[in-house]
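The structure under discussion appears below in the form of structure tokens.
Number of protein chains: 2
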Amino acid sequence: MVETLHEPARRAHGLRIDGARLWASLMALACIGATPKGGVCRLALTDADRAGRDLVTGWAREMGLAVTVDAIGNVFMRRTGRNPALPPVMAGSHIDTQPTGGKFDGNYGVLAALEVLRTLDDHRIETEAPLEAVFWTNEEGSRFVPVMMGSGVFAGAVPLAHAYAAADLEGRAVRAELERIGYLGAEVPGHHPVGAYFEAHIEQGPVLEDAGVTIGAVTGVLGIRWYDCTVTGMEAHAGPTPMALRRDALQVATRLMQEVVAIAHRHGADRDGQGGQGGQGRGTVGQVLVHPNSRNVIPGRVRFSIDLRNASDTLCEAMDADLRAQAARLAGDSGLAVELQPVSTYPAQPFDSDCIAAVERAAARLSHSCRRIVSGAGHDAVYLARLAPTGMIFVPCKDGISHNEIEDARPEHLAAGCDVLLQVMLERAGLAS
Amino acid sequence: MVETLHEPARRAHGLRIDGARLWASLMALACIGATPKGGVCRLALTDADRAGRDLVTGWAREMGLAVTVDAIGNVFMRRTGRNPALPPVMAGSHIDTQPTGGKFDGNYGVLAALEVLRTLDDHRIETEAPLEAVFWTNEEGSRFVPVMMGSGVFAGAVPLAHAYAAADLEGRAVRAELERIGYLGAEVPGHHPVGAYFEAHIEQGPVLEDAGVTIGAVTGVLGIRWYDCTVTGMEAHAGPTPMALRRDALQVATRLMQEVVAIAHRHGADRDGQGGQGGQGRGTVGQVLVHPNSRNVIPGRVRFSIDLRNASDTLCEAMDADLRAQAARLAGDSGLAVELQPVSTYPAQPFDSDCIAAVERAAARLSHSCRRIVSGAGHDAVYLARLAPTGMIFVPCKDGISHNEIEDARPEHLAAGCDVLLQVMLERAGLAS
Chain A
1 MVETLHEPAR RAHGLRIDGA RLWASLMALA CIGATPKGGV CRLALTDADR
51 AGRDLVTGWA REMGLAVTVD AIGNVFMRRT GRNPALPPVM AGSHIDTQPT
101 GGKFDGNYGV LAALEVLRTL DDHRIETEAP LEAVFWTNEE GSRFVPVMMG
151 SGVFAGAVPL AHAYAAADLE GRAVRAELER IGYLGAEVPG HHPVGAYFEA
201 HIEQGPVLED AGVTIGAVTG VLGIRWYDCT VTGMEAHAGP TPMALRRDAL
251 QVATRLMQEV VAIAHRHGAD RDGQGGQGGQ GRGTVGQVLV HPNSRNVIPG
301 RVRFSIDLRN ASDTLCEAMD ADLRAQAARL AGDSGLAVEL QPVSTYPAQP
351 FDSDCIAAVE RAAARLSHSC RRIVSGAGHD AVYLARLAPT GMIFVPCKDG
401 ISHNEIEDAR PEHLAAGCDV LLQVMLERAG LAS
Chain B
1001 MVETLHEPAR RAHGLRIDGA RLWASLMALA CIGATPKGGV CRLALTDADR
1051 AGRDLVTGWA REMGLAVTVD AIGNVFMRRT GRNPALPPVM AGSHIDTQPT
1101 GGKFDGNYGV LAALEVLRTL DDHRIETEAP LEAVFWTNEE GSRFVPVMMG
1151 SGVFAGAVPL AHAYAAADLE GRAVRAELER IGYLGAEVPG HHPVGAYFEA
1201 HIEQGPVLED AGVTIGAVTG VLGIRWYDCT VTGMEAHAGP TPMALRRDAL
1251 QVATRLMQEV VAIAHRHGAD RDGQGGQGGQ GRGTVGQVLV HPNSRNVIPG
1301 RVRFSIDLRN ASDTLCEAMD ADLRAQAARL AGDSGLAVEL QPVSTYPAQP
1351 FDSDCIAAVE RAAARLSHSC RRIVSGAGHD AVYLARLAPT GMIFVPCKDG
1401 ISHNEIEDAR PEHLAAGCDV LLQVMLERAG LAS
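Chains as they are written, first to last, in the working numbering: chain A, 1 to 433; chain B, 1001 to 1433.
This is the structure we're talking about:
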């Protein structure tokens, strides 16, 4: 009896996904919307997206999976369990891409989930709870705002009517486009149980590659604060205006631009990427507009963006307070107007500690190097974490580059991440003894 | 005999120009190319420029002045002297404007010179040397490059063929446009003697207004060094890239932008605008281009302009060496590429010490407050100073603003500057006893 209890676990631990099949499916999907530079352009709810969806759901139906589509176009591909009443253990991501996107962002999470189900079919393994591979509508937000639309509607964070009304630059709205491509499903979004959710994804950053580590056990997603800052001085000619009589907006703006980075360092940037309890401060000025932007005119006005991120809302609030204090100090020192306009706030989302630990255990069993890591970018998992225990598995991508046609990842890393996904899904779903 | 020697000088010292007539001529010229916002658009060699030239030369001919045009369109309006063989004492400026220019920049210097000749006519005063009022072609450089074209050709600094070939955005070249508007003269540029040259001008800066001083005795024009600087790092996503793994081009660029101002202070900015022997350091970053200039992308490349000025070429060279050292230091500290590309070099041009002193003496006699001042911007006087003793007279302009439709100056300041011009021209030309 002791023997029979342990036998399924031993069998499960020995299972490996088929890395070549996973790679082949990624390359097949990447042909739809392929760009000349080796990337993919498959914007949400376009004909290319329909073709991608048809390919993936076609594979699912060949495998005998039950395919369900909800009213925002999220697609659930279900492999039943010994106990169909249990909430399914779900894994997935998205298959829409940026206009100049790559082959792996999103697609990997969906096809890794499908590969897990294929591997279980190969070995005729039954789980207690059902398993579902899923793809969420319009994660990228390139064509329709907001980003992470499908998972946001599913989690109740984005009203369905709001999502339906979102239109692209040509005025075509989401509901009409869902209907046109045949993915306006009947199921009410969110009326679908979730036992747990896992998402495998390329890191989209340089941490794992830099550290030479294969698996990232993602501890959560950083909170984000976006601002627009405007410094107003006095436009004047560079020649005839002595230094003492200038009100140079750029000279004050550049001081605050440097403070943005200093603030990140003051709030834990030194523990970068470790995903521990400490801060994960990040500060970026990405956009600068100088007025009048002429070689021999002292700038009268400078507008620039500020992007602050950290691992918890408390830390984000501390960075916000620090930024406001620095802006006020520079305004006081210079006598120039420094206006700080909040643009967006995204809360931090820690993942489930059991899910994080499960990823670490699986990586250890499989002898893959593993470290904790935070995600600096948003993923569908952020919304799923509001509904069910959630975890993410990161694998390295070349030079940390994504949202780019040259996005690349190594087949052995993708296979390793998929093997980890198999283990954590099995552990959550339980093996039918 | 002693009595008769001093009588002309006493008479001259008591002369005053007609401020109302000067103002009326400025307003009449400003009607040609007037803009709805109260400025003037009279680009070089356009129909408006022809109309302005015709108005001014018409006034000159009514006064009986001899009008000569040279092959680059410079116009000399001559009042003969007791001794016509003496080189003329010349005063003037330009009447072309910026696209959104004002009523005073350039025009004041030309019409002040004409007002001086009118005043001498009123009082039937004869000078030993001839006097000439002059306007130079295309000082602004808005339509045709280079700036200060007419005086540059006159001084031999710009080859005539080079100036003739300069074309505007529609491909119309200078020679054809000179011919079209009827100002392609026969005289070889520069084959025209100059005994001395004076130019009255609004300051185009805030120094006189700030100090509450009416007359600026201009000691010279600052030398200028222009550069383009490019900092190259690595473009990366703001979210997933920890601080320690960034190569943020903007963070290095903003340090150098602050150094540009620090360099100005290290090279004499503290003696701003005084026109003494010390430094007159000025440093400006006017133009910034960030790539890719997106809110959530760490800038991979930043290109920006640098404008350094100082009172002597030696000081400009010291600033250049300082800038190169700072760029090298920042490149070394950051590991990023910092490229410094020289764009233009304009040498400093000190004015004649006797001419500067003459302006100061005249202001004192007339009881106008006066201080020495440098010109941060170029003027036709820069080229004339290569040919003959040269001086400039600055008067305040409102808020230091020029090259702008709201450019403004007070009638009493314009009259004061014109009175000083009268005195220095008479002193140089000598009264016919």
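Note that beta-carbon positions come from the ideal geometry of N, C-alpha and C, so glycine has one too.
As the structure is a prediction and not an experimental result, all values here were calculated from the model.
Under the DSSP definition of a beta bridge, which residues are partnered with residue i?
i: B:R1078; result: B:A1066 and B:E1132
i: B:L1340; result: B:C1229
i: A:E140; result: Answer is none; A:E140 lacks a bridge partner.
i: A:H291; result: A:R301
i: B:S1093; result: B:F1135
i: A:Q349; result: A:V221
i: A:D121; result: For A:D121, which the question treats as bridged, DSSP gives no partner whatsoever.
i: A:D307; result: A:W226 and A:T284
i: A:R247; result: A:M234
i: B:E1187; result: B:D1070
i: B:E1199; result: B:M1392
i: A:V374; result: A:G220
i: B:T1127; result: B:L1431
i: A:G101; result: A:V40
i: A:A318; result: DSSP lists no partner for A:A318.
i: A:A167; result: A:A173
One question on the structure: do residue i and residue j come within less than 9 Å of each other, judged by their Cβ atoms?
i: B:L1222; j: B:A1328; result: no
i: A:L29; j: A:G58; result: no
i: A:N107; j: A:V40; result: yes
i: A:I32; j: A:A48; result: yes
i: A:G400; j: A:G216; result: no
i: B:A1236; j: B:G1332; result: no
i: B:C1370; j: B:T1119; result: no
i: A:M77; j: A:L43; result: no
i: B:A1377; j: A:G239; result: yes
i: B:R1295; j: A:S305; result: yes
i: A:I224; j: A:Q326; result: no
i: B:V1153; j: B:N1074; result: yes
i: B:V1288; j: B:D1307; result: no
i: A:V302; j: A:V261; result: no
i: A:L245; j: B:D1105; result: no
Apply the 10 Å Cβ neighbour rule to residue i and answer buried if 16 or more other Cβ atoms are within range, or exposed otherwise.
i: B:V1424; result: buried
i: A:V188; result: exposed
i: A:V231; result: buried
i: A:G156; result: exposed
i: A:A27; result: Before going further, note that residue 27 of chain A is Met rather than Ala in the sequence given. Counting Cβ neighbours within 10 Å, A:M27 comes out exposed, since fewer than 16 surround it.
i: A:A20; result: exposed
i: B:V1420; result: buried
i: A:S151; result: buried
i: A:E62; result: exposed
i: B:E1007; result: exposed
i: A:I406; result: exposed
i: A:R124; result: exposed
i: A:G417; result: buried
i: A:T314; result: exposed
i: A:A415; result: buried
i: A:Q341; result: exposed
i: A:V110; result: buried
i: A:M1; result: Confidence at A:M1 is low in this model, with a pLDDT of 38, below 50, so its placement is unreliable and the value that follows should be read with caution. A:M1 comes out exposed.
i: A:R255; result: buried
i: B:E1427; result: buried
Task: Validate contact between the stretch 198-214 of chain A and the stretch 85-93 of chain A using beta carbons, cut 8 Å, 3 pairs - done: Yes, the stretch 198-214 of chain A is in contact with the stretch 85-93 of chain A.
Open item on the list: Which complete alpha helix (DSSP H) runs does the stretch 1008-1051 of chain B hold, if anything under 4 residues is left out?
Closed with: Whole alpha helix (DSSP H) segments, 4+ residues: 1019-1030.
- [ ] Examine the Cβ distances between the stretch 1159-1166 of chain B and the stretch 1096-1112 of chain B and report whether three or more of them are shorter than 8 Å.
- [x] Of all C-beta pairs linking the stretch 1159-1166 of chain B to the stretch 1096-1112 of chain B, fewer than three are shorter than 8 Å, placing the two stretches out of contact.
Open item on the list: Does the contact criterion of 3 or more C-beta pairs under 8 Å hold for the stretch 1361-1370 of chain B versus the stretch 1118-1136 of chain B?
Closed with: They do not touch, by the three-pair rule.
Task: Touch test, the stretch 1006-1015 of chain B against the stretch 1108-1127 of chain B, Cβ-Cβ under 8 Å, three pairs minimum - done: Result yes; three or more Cβ-Cβ pairs closer than 8 Å.
Task: At least 3 beta-carbon pairs within less than 8 Å: the stretch 1335-1350 of chain B vs the stretch 1174-1191 of chain B - done: Too few Cβ pairs lie closer than 8 Å, so no.
Task: Completely contained beta strand (DSSP E) runs for the stretch 385-430 of chain A, where each covers 3 or more residues - done: 390-395, all fully within the stretch 385-430 of chain A.
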